[in-house]
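Residues 59 to 266 (the numbering used here) make up the sequence shown, in order.
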Amino acid sequence: MNYLEEKDTQNAEEKGELYRGVGGFFVEIIKIFILAIIVILPIRVFLFQPFFVQGASMEPNFKDGQYLIVNELGYKETDLKIAKVDSFKEITRGEVIVFRYPLNPKQFFIKRIIGLPGERVKVEKGSVFIYNNENPNGFKLKEDYLTKGLVTKGDNDQPLKDNEYFVMGDNRNHSSDSRTWGPIKSSDVVGRVLLRAWPINDVKLFVN
């Protein structure tokens, strides 16, 4: 009888240990989950964000279906409800950025920076001309990233405000961009393309 009671007691202790073990396991899982949120959320909100290219507007440099990593750090204005984090990195001409489409902020576009804040952009005779304080008479923009022989269609004369950028797709004949719907605001910018991560044979890191 005592043996049976001892055995029952032993089983109860084992069950108790097992329960504590399972409970501890779930506690550890919760800790890991919370830690992941603490670490990953800031990365997701402030640092990097993945995007898939859709469409042909940036060919031949970025093609439909390619997987990109966008660097948001410093480029994106973020509203945290309790405080607003302003962008602090300077965007330069020729960089490829992701931004919210001005006519539908729920959509994201990928284009190349052509005109900078305070400049004037002219598109005429198949070329792009930039006017700014350093070049009041303007200069023809050299665009080695375009397909050889490609001309830029359009007839634009666009002055830019201090918070505006003129953007265009590399596939000029198949791109909806600032030539059609005007400049974008700095607050529309999400980030700069940092890495083409897929497909494997097209992996490339884009540095300033």
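Ideal Cβ positions, reconstructed from N, Cα and C, are used throughout, including at glycine.
Bear in mind the structure is a predicted one, so any value in this text is a computation, not a measurement.
Where residue i falls: helix, strand or coil (DSSP)
i, result
"Asp202", "coil"
"Asp228", "coil"
"Ser245", "helix"
"Ile258", "helix"
"Leu161", "coil"
"Leu208", "coil"
"Leu105", "helix"
Residue from the options whose Cα sits closest to the Cα of residue i
i, options, result
"Arg151", "Gly227, Asn190, Asp213 and Ile171", "Ile171"
"Asn231", "Phe224, Thr210, Asp122 and Gly249", "Thr210"
"Ser233", "Leu204, Lys180 and Asn195", "Leu204"
"Asp213", "Arg237, Gly196 and Asp228", "Arg237"
"Val49", "Ile168, Asp228 and Pro160", "With the chain represented from 59 up to 266, any question about residue 49 goes unanswered, as that position is not in the structure."
"Gly176", "Gly207, Asn221 and Tyr159", "Asn221"
"Lys183", "Phe166, Leu208 and Ile168", "Leu208"
"Ile168", "Val179, Phe110, Tyr189 and Lys206", "Phe110"
"Glu130", "Val156, Phe166, Val265 and Met116", "Val156"
"Pro241", "Phe224, Glu192 and Gln107", "Phe224"
"Met226", "Met116, Pro163, Leu126 and Tyr189", "Met116"
"Asp215", "Asn191, Gly123 and Val179", "Val179"
"Lys262", "Ala114, Leu126 and Asp122", "Leu126"
Residue interval of the alpha helix (DSSP H) (run including residue i)
i, result
"Ser236", "Ser236 to Trp239"
Test: residue i CB closer than 8 angstroms to a CB of chain C
i, result
"Pro118", "Note that chain C does not occur in the displayed structure, where there is just one protein chain."
First through last residue of the beta strand (DSSP E) which encompasses residue i
i, result
"Lys180", "Arg178 to Glu182"
"Gln216", "Asn214 to Pro217"
"Asn129", "Tyr125 to Asn129"
On the three-pair Cβ rule with 8 angstroms, is the segment 250-262 touching the segment 191-203? Cβ pair count under 8 angstroms is below three, so no.
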